[in-house]
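**Student:** Protein chains in written order, with the working numbering: chain A, 293 to 723; chain B, 293 to 723.
Number of protein chains: 2
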Amino acid sequence: MNEKDLLFQQVINAKNASKQMINLTNETKNKILVAIADKIEKNIEDILFRNGIDIEAGKNASLSRHFIDRLSLTEERIKDMVEGLRNITKLVDPIGEILDTNITENGLKIEKKRAPIGVIGIIYEARPNVTIDTIALCIKSGNAIILKGGSEAMNSNHILSKLAIEAAEENGLPIGAIQFIESANRELFAEILNLDKFIDAIIPRGSQEMIEKISEISKIPIIKHGKGLCHIYIDESADIKMAVDIVINAKTQRPGVCNSLETLLVNRNIAEKFFTEFLKYLTENKVNLELRACNESFDILTKMNKAISPDMKNILMATSEDWDTEYLDMILAIKIVGNLEEAINHITIHGSGHSDSIITENIENAEKFLKLVDSAAVYHNASTRFTDGGCFGLGAEIGISTQKLHARGPMGIKELTSYKFVIHGNGQVRK
Amino acid sequence: MNEKDLLFQQVINAKNASKQMINLTNETKNKILVAIADKIEKNIEDILFRNGIDIEAGKNASLSRHFIDRLSLTEERIKDMVEGLRNITKLVDPIGEILDTNITENGLKIEKKRAPIGVIGIIYEARPNVTIDTIALCIKSGNAIILKGGSEAMNSNHILSKLAIEAAEENGLPIGAIQFIESANRELFAEILNLDKFIDAIIPRGSQEMIEKISEISKIPIIKHGKGLCHIYIDESADIKMAVDIVINAKTQRPGVCNSLETLLVNRNIAEKFFTEFLKYLTENKVNLELRACNESFDILTKMNKAISPDMKNILMATSEDWDTEYLDMILAIKIVGNLEEAINHITIHGSGHSDSIITENIENAEKFLKLVDSAAVYHNASTRFTDGGCFGLGAEIGISTQKLHARGPMGIKELTSYKFVIHGNGQVRK
Numbered sequence: 293m294n295e296k297d298l299l300f301q302q303v304i305n306a307k308n309a310s311k312q313m314i315n316l317t318n319e320t321k322n323k324i325l326v327a328i329a330d331k332i333e334k335n336i337e338d339i340l341f342r343n344g345i346d347i348e349a350g351k352n353a354s355l356s357r358h359f360i361d362r363l364s365l366t367e368e369r370i371k372d373m374v375e376g377l378r379n380i381t382k383l384v385d386p387i388g389e390i391l392d393t394n395i396t397e398n399g400l401k402i403e404k405k406r407a408p409i410g411v412i413g414i415i416y417e418a419r420p421n422v423t424i425d426t427i428a429l430c431i432k433s434g435n436a437i438i439l440k441g442g443s444e445a446m447n448s449n450h451i452l453s454k455l456a457i458e459a460a461e462e463n464g465l466p467i468g469a470i471q472f473i474e475s476a477n478r479e480l481f482a483e484i485l486n487l488d489k490f491i492d493a494i495i496p497r498g499s500q501e502m503i504e505k506i507s508e509i510s511k512i513p514i515i516k517h518g519k520g521l522c523h524i525y526i527d528e529s530a531d532i533k534m535a536v537d538i539v540i541n542a543k544t545q546r547p548g549v550c551n552s553l554e555t556l557l558v559n560r561n562i563a564e565k566f567f568t569e570f571l572k573y574l575t576e577n578k579v580n581l582e583l584r585a586c587n588e589s590f591d592i593l594t595k596m597n598k599a600i601s602p603d604m605k606n607i608l609m610a611t612s613e614d615w616d617t618e619y620l621d622m623i624l625a626i627k628i629v630g631n632l633e634e635a636i637n638h639i640t641i642h643g644s645g646h647s648d649s650i651i652t653e654n655i656e657n658a659e660k661f662l663k664l665v666d667s668a669a670v671y672h673n674a675s676t677r678f679t680d681g682g683c684f685g686l687g688a689e690i691g692i693s694t695q696k697l698h699a700r701g702p703m704g705i706k707e708l709t710s711y712k713f714v715i716h717g718n719g720q721v722r723k
Numbered sequence: 293m294n295e296k297d298l299l300f301q302q303v304i305n306a307k308n309a310s311k312q313m314i315n316l317t318n319e320t321k322n323k324i325l326v327a328i329a330d331k332i333e334k335n336i337e338d339i340l341f342r343n344g345i346d347i348e349a350g351k352n353a354s355l356s357r358h359f360i361d362r363l364s365l366t367e368e369r370i371k372d373m374v375e376g377l378r379n380i381t382k383l384v385d386p387i388g389e390i391l392d393t394n395i396t397e398n399g400l401k402i403e404k405k406r407a408p409i410g411v412i413g414i415i416y417e418a419r420p421n422v423t424i425d426t427i428a429l430c431i432k433s434g435n436a437i438i439l440k441g442g443s444e445a446m447n448s449n450h451i452l453s454k455l456a457i458e459a460a461e462e463n464g465l466p467i468g469a470i471q472f473i474e475s476a477n478r479e480l481f482a483e484i485l486n487l488d489k490f491i492d493a494i495i496p497r498g499s500q501e502m503i504e505k506i507s508e509i510s511k512i513p514i515i516k517h518g519k520g521l522c523h524i525y526i527d528e529s530a531d532i533k534m535a536v537d538i539v540i541n542a543k544t545q546r547p548g549v550c551n552s553l554e555t556l557l558v559n560r561n562i563a564e565k566f567f568t569e570f571l572k573y574l575t576e577n578k579v580n581l582e583l584r585a586c587n588e589s590f591d592i593l594t595k596m597n598k599a600i601s602p603d604m605k606n607i608l609m610a611t612s613e614d615w616d617t618e619y620l621d622m623i624l625a626i627k628i629v630g631n632l633e634e635a636i637n638h639i640t641i642h643g644s645g646h647s648d649s650i651i652t653e654n655i656e657n658a659e660k661f662l663k664l665v666d667s668a669a670v671y672h673n674a675s676t677r678f679t680d681g682g683c684f685g686l687g688a689e690i691g692i693s694t695q696k697l698h699a700r701g702p703m704g705i706k707e708l709t710s711y712k713f714v715i716h717g718n719g720q721v722r723k
């Protein structure tokens, strides 16, 4: 079979397997998940060895430090995957859940019942744990899976999916329900994005460019997992200590992830007070953060900085590009705004609809911000870092949707389902 | 302004208006809907006059009888629109509904809150009532609307949208929230399907070809309202009288709509008995139905027909094309199958995932059919004609989704919404 036939056959096999997955009981699904967990646990050394090959190649190819970090597995990270699998067994099986019941006047019983989506294709970069998380969530939600990882993680993804497929099919998963695509041929892969009869949804996780490209060429519906250009707005009446704590947490606790802070908006009337405490914190705690400040804040910050910490040199003047950049790094854009409306307007224009927070003691301003900022998660007096399936109580997540159709924000097993209307009658006809 | 600039400006205006719609109270939205209803009621004559121009042009262009029917307005149909508007005022405002609340261990209150989608574009053919139904549903669900009707209904859609916009904007709808596209320039229109920053969802309603074309070129997420190739399967243990009644209802009560029957599957063991009663009914009631029968059923039907009704000549041999054709006419494809599995398999291959029904007294077979047939609505002992927002208790519908992401089956105001996570904290940071 040539490369194209092989690839298309994988897609057809996934579709066929998906039709049998509706028959899987929760017991069987959990048995499969435990078997995968056990198998991965027994093969940690081999997984680390294969991952080492990818890391080595990545370093030779001068991939960025953050990228290598996302690519890297450790014994602890593998144990997290294993724990994730076991946690998902504890979740209630979503399939078959009755979402709504309606008995009509003529006696029809109409039930809206949760059902699998069918075949889900995921396209992802770096993180090999996505391979296992996706397999686990799709099995529990009754979906077949097509995995297309990045070439930089090929060895890691290959061993992980191989172990998972073996353990799953031995324990009752329909043959072909997990398909791992080995081909790195992009043009060929683009062709499968036309197969909307066989694949029901595509989840692209990765760079904005990759997601844009896929949404342009795909006929299959997409659930975008796009960038997180998150904002915090420090309102005039913010509690300064709280503001500093939250900004530091949102920016520095894990700068490489999508829910971390990128742009800080500060109300003019509190700017000096806030910056004083903020710079003090950075100096005292030796936080190595680069600031890209608007003209006005640049003046204030550099002036203050001389007084507080004459050695700190990492305050730069922001360019217009900074407001649209997801750094995923120890860099923070800072802009002074005149009022709440200006802050909301900035977020509307430059935000990515991911997570945005207001720090204020003014309830009215908080409610206005929460209502008018059109993002998946809007916060009052909390760090944006909480936008996460685990923190939101979903048990696990396949990612964070940045679109508004189907699912928004963290996506767990329920978000990997559709529904159907099941109608019981006794001869009803329409008048 | 040239045509392109004008069109793009319309899209930008819709986006800007959509941001203000979140502020509309239910009271204002209802006031707007009533004002539109009143205005339309007062202008029935003018509407009928403009519709007459479209009908005349359609007849001159030799559009089909069914198409002209869908295009035609009558006083009664206009009054139905008006009633529809008034009915929607009675529905609970979906915006702001709390779908889920979760208080985390560290005291964060996470609310999942229903929110508008933003800007919805609808592309539709013929039926001018879609103009008003869409406007009404989108206003109630807080969305801005871009309307692109077919050129065959231009005069009708133009007057209806003009009246609606006037009445709505006079009563508090943000200026620009309803945009009616006059240009018939298809290439230009294709360009706006790239404006995913401004339009949040596209609903194409119409021919399969049109929907395929749009899903190929659009960067904006789509909610497909595709064809309805509906099946009824007469199981071995069906109640024959019930089976005949349901088949006649599903096929002939309104053959031009998407939830009408197209292909009848009959179990071999009940075929003779069923066909006897079915042909008797057709003859006695002078039902002018054309049958396109598989080889086996053709033999039975023609033999029987000679005995029952020697004059009836409309039994033809089906070709393979018939299994994939949505007739929307007084034509029925008929196929004999050996068992339930064969019926399900036929539906899986040829169905459109819209509505399919099994007629049986065997509960086990019914449950298997309802579970394994992957359609938006699956019926046991009832006509497929019930797949409809009104029948399903949604109050009103913008159409019937034939896809699995976001919404499936009849779509009402809730299906025109998204959600956001609103999080209240008191200084929480992530550990």
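All C-beta atoms in this analysis are idealised placements derived from N, C-alpha and C, irrespective of residue type, glycine included.
I think A/I438 touches A/A306, with their Cβ atoms under 8 Å apart; what is that distance to the nearest whole Å?
**Tutor:** Mapped onto the first sequence, residue 438 of chain A falls at position 146. Mapped onto the first sequence, residue 306 of chain A falls at position 14. Correct: roughly 5 Å between the Cβ atoms.
**Student:** Out of curiosity, what's the CA-to-CA distance linking B/N718 and B/N315?
**Tutor:** Residue numbering aside, residue 718 of chain B sits at position 426 when the second sequence is read from its first letter. Residue numbering aside, residue 315 of chain B sits at position 23 when the second sequence is read from its first letter. C-alpha separation (whole angstroms): 26 Å.
**Student:** So what does DSSP say about B/D392, is it helix, strand or coil?
**Tutor:** Counted from its first residue, the second sequence places residue 392 of chain B at position 100. B/D392: strand per DSSP, three-state reduction.
**Student:** Could you spell out the range, first to last residue, of the beta strand (DSSP E) harbouring B/R378?
**Tutor:** Taking the second sequence and counting its residues from 1, one reaches residue 378 of chain B at position 86. Counting along the chain, B/R378 falls outside any beta strand (DSSP E), though it belongs to the alpha helix (DSSP H) covering E367 to K382.
**Student:** Which of the three DSSP states is assigned to A/G344 in this structure?
**Tutor:** As a first step, residue 344 of chain A must be located in the first sequence, where it is residue number 52. Reduced to three states, the DSSP call for A/G344 is helix.
**Student:** Quick check: the Cα distance between A/E417 and A/V384, rounded to an integer number of angstroms?
**Tutor:** Along the first sequence, read from residue 1 onward, the residue named residue 417 of chain A stands at position 125. Along the first sequence, read from residue 1 onward, the residue named residue 384 of chain A stands at position 92. Roughly 30 Å separates the two Cα atoms.
**Student:** Hey, out of A/K696, A/P702 and A/I705, whose CA is closest to B/I491's CA?
**Tutor:** Here the question's residue 491 of chain B lines up with position 199 in the second sequence. Checking every option, the nearest Cα to that of B/I491 belongs to A/K696.
**Student:** Could you check where the beta strand (DSSP E) with B/N447 kicks off and where it finishes?
**Tutor:** Here residue 447 of chain B refers to the residue found at position 155 of the second sequence. Counting along the chain, B/N447 falls outside any beta strand (DSSP E), though it belongs to the alpha helix (DSSP H) covering M446 to E462.
**Student:** Closer than 8 Å is the cut-off here; do at least three beta carbon pairs connect the region 506 to 524 of chain A with the region 647 to 657 of chain A?
**Tutor:** They touch, by the three-pair rule.
**Student:** May I ask you to list, following chain order, the residues of the region 663 to 679 of chain B that have a beta carbon less than 8 Å from some beta carbon of chain A?
**Tutor:** The residues in question are K663, L664, D666, S667, A668, A669, V670, Y671, H672, N673, A674, S675, R677, F678 and T679.
**Student:** Measuring straight from C-alpha to C-alpha, what distance separates A/V629 and A/S507?
**Tutor:** Counting from one through the first sequence, the residue named residue 629 of chain A turns up at place 337. Counting from one through the first sequence, the residue named residue 507 of chain A turns up at place 215. Answer to the nearest angstrom: the Cα atoms are 34 Å apart.
**Student:** DSSP three-state label for A/Y573, please.
**Tutor:** Here residue 573 of chain A corresponds to residue number 281 of the first sequence, with the count starting at 1. Of the three classes helix, strand and coil, the one that applies to A/Y573 here is helix, per DSSP.
**Student:** Note down, in chain order, each residue of its chain lying with its Cβ closer than 7 Å to the Cβ of A/V536, except the 5 sequence neighbours on either side.
**Tutor:** Along the first sequence, read from residue 1 onward, the residue named residue 536 of chain A stands at position 244. Cβ within range, chain order: E569, F570 and Y573.
**Student:** Could you name each continuous beta strand (DSSP E) segment of 3 residues or more that falls completely within the region 635 to 675 of chain B, going from the start of the chain to the end?
**Tutor:** 647 to 651 and 669 to 674
**Student:** Would you call the region 368 to 383 of chain A in contact with the region 332 to 347 of chain A, where contact means no fewer than 3 C-beta pairs closer than 8 Å?
**Tutor:** yes
**Student:** Drop a sphere of 10 angstroms on the beta-carbon of A/D614, count the other beta-carbons inside from all chains shown, and report buried for 16 or more, exposed for fewer.
**Tutor:** As a position in the first sequence, residue 614 of chain A is number 322, starting the count at 1. By the Cβ neighbour-count rule, A/D614 is buried, with 16 or more other Cβ atoms within 10 Å of its own.
**Student:** Going along chain B in order, which residues have a C-beta closer than 7 Å to the C-beta of A/K511?
**Tutor:** Residue mapping note: residue 511 of chain A aligns to position 219 of the first sequence, counting from 1. Under the 7 Å cutoff, chain B gives S507 and E508.
**Student:** Are any of the Cβ atoms in chain E nearer than 7 Å to that of B/M534?
**Tutor:** Among the protein chains of the structure shown, namely A and B, there is no chain E.
**Student:** Got a sec: is the Cβ-Cβ distance from B/H517 to anything in chain A below 7 Å?
**Tutor:** Taking the first residue of the second sequence as position 1, residue 517 of chain B is located at position 225. It does not: the Cβ of B/H517 has no partner Cβ on chain A nearer than 7 Å.
**Student:** Let me see if you follow: with CB-CB separation under 7 Å, is A/Q500 close to chain B or not?
**Tutor:** By one-based count along the first sequence, residue 500 of chain A stands at place 208. With 7 Å as the cut-off, A/Q500 does not count as an interface residue toward chain B.
**Student:** Would you mind reading off the limits of the beta strand (DSSP E) that contains B/Q471?
**Tutor:** Position 179 of the second sequence, counted from the start, is the residue given in the question as residue 471 of chain B. Start and end: I470 to F472.
**Student:** Flag A/Q312 as yes if its beta-carbon sits less than 7 Å from any beta-carbon of chain B, otherwise no.
**Tutor:** Here residue 312 of chain A refers to the residue found at position 20 of the first sequence. Cβ-Cβ to chain B under 7 Å: no for A/Q312.
**Student:** Quick one: grab the DSSP three-state call for A/L553.
**Tutor:** On the first sequence, residue 553 of chain A is found 261 positions in, with the first residue counted as 1. Strand, per DSSP.
**Student:** Taking 7 Å as the cut-off, decide whether the C-beta atoms of A/A329 and A/R378 are in contact.
**Tutor:** On the first sequence, position 37 is the one that residue 329 of chain A refers to. On the first sequence, position 86 is the one that residue 378 of chain A refers to. Closer than 7 Å, so yes.
**Student:** Going by other Cβ atoms of all chains shown within 10 Å of its Cβ, with 16 needed for buried, is B/L485 buried or exposed?
**Tutor:** Here the question's residue 485 of chain B lines up with position 193 in the second sequence. Buried, by the Cβ-count rule.
**Student:** Which same chain residues end up closer than 7 Å to A/G434 when comparing Cβ atoms and leaving out the 5 residues on each side of it in sequence?
**Tutor:** To locate residue 434 of chain A, count along the first sequence from 1; it is residue 142. So the qualifying residues of the chain are M313, I314, L316, I387 and P408.
**Student:** Could you spell out the range, first to last residue, of the beta strand (DSSP E) harbouring A/H523?
**Tutor:** Here residue 523 of chain A corresponds to residue number 231 of the first sequence, with the count starting at 1. Counted as a single uninterrupted DSSP element, the beta strand (DSSP E) harbouring A/H523 occupies residues C522 to I526.
**Student:** Bridge partners of A/N559, per DSSP?
**Tutor:** If you number the first sequence from 1, residue 559 of chain A lands on position 267. DSSP, once it has assigned bridges, lists A/V629 as partnering A/N559.
**Student:** What are the boundary residues of the alpha helix (DSSP H) that A/S507 is part of?
**Tutor:** As a working note, residue 507 of chain A is residue 215 in the first sequence. Residues Q500 to I509.
**Student:** On the DSSP letters alone, give me the boundaries of the alpha helix (DSSP H) that A/R357 sits inside.
**Tutor:** For the purposes of this step, residue 357 of chain A is identified with residue 65 of the first sequence, where counting begins at 1. Counting along the chain, the alpha helix (DSSP H) containing A/R357 begins and ends at R357 to L363.
**Student:** Could you tell me the alpha carbon to alpha carbon distance between A/E333 and A/V374, rounded to whole angstroms?
**Tutor:** Here the question's residue 333 of chain A lines up with position 41 in the first sequence. Here the question's residue 374 of chain A lines up with position 82 in the first sequence. Near 7 Å, if we compare the C-alpha coordinates of A/V374 and A/E333.
**Student:** Given a cut-off of 7 Å on the beta-carbon distance, is the pair A/I623 and A/E588 in contact?
**Tutor:** Residue mapping note: residue 623 of chain A aligns to position 331 of the first sequence, counting from 1. Residue mapping note: residue 588 of chain A aligns to position 296 of the first sequence, counting from 1. The Cβ-Cβ distance between A/I623 and A/E588 does not fall below 7 Å.
**Student:** Could you check which residue in B/S453, B/F359, B/K660 and B/T366 has the C-alpha nearest to that of B/E634?
**Tutor:** Position 342 of the second sequence holds residue 634 of chain B. The shortest Cα separation from B/E634 among B/S453, B/F359, B/K660 and B/T366 belongs to B/K660.
**Student:** If I'm right that B/I467 touches B/S453 with Cβ under 8 Å, what's the distance once you round it to whole angstroms?
**Tutor:** On the second sequence, residue 467 of chain B is found 175 positions in, with the first residue counted as 1. On the second sequence, residue 453 of chain B is found 161 positions in, with the first residue counted as 1. That pair is no contact at about 15 Å.
**Student:** Output yes if chain B places a C-beta closer than 7 Å to the C-beta of A/H698; else output no.
**Tutor:** As a first step, residue 698 of chain A is located in the first sequence; it is residue number 406 there, counting from the start. True, the Cβ-Cβ gap to chain B drops below 7 Å.
**Student:** What number of angstroms, rounded off, separates the C-alpha of A/T320 from the C-alpha of A/K511?
**Tutor:** Here residue 320 of chain A refers to the residue found at position 28 of the first sequence. Here residue 511 of chain A refers to the residue found at position 219 of the first sequence. Roughly 33 Å between the two C-alpha positions.
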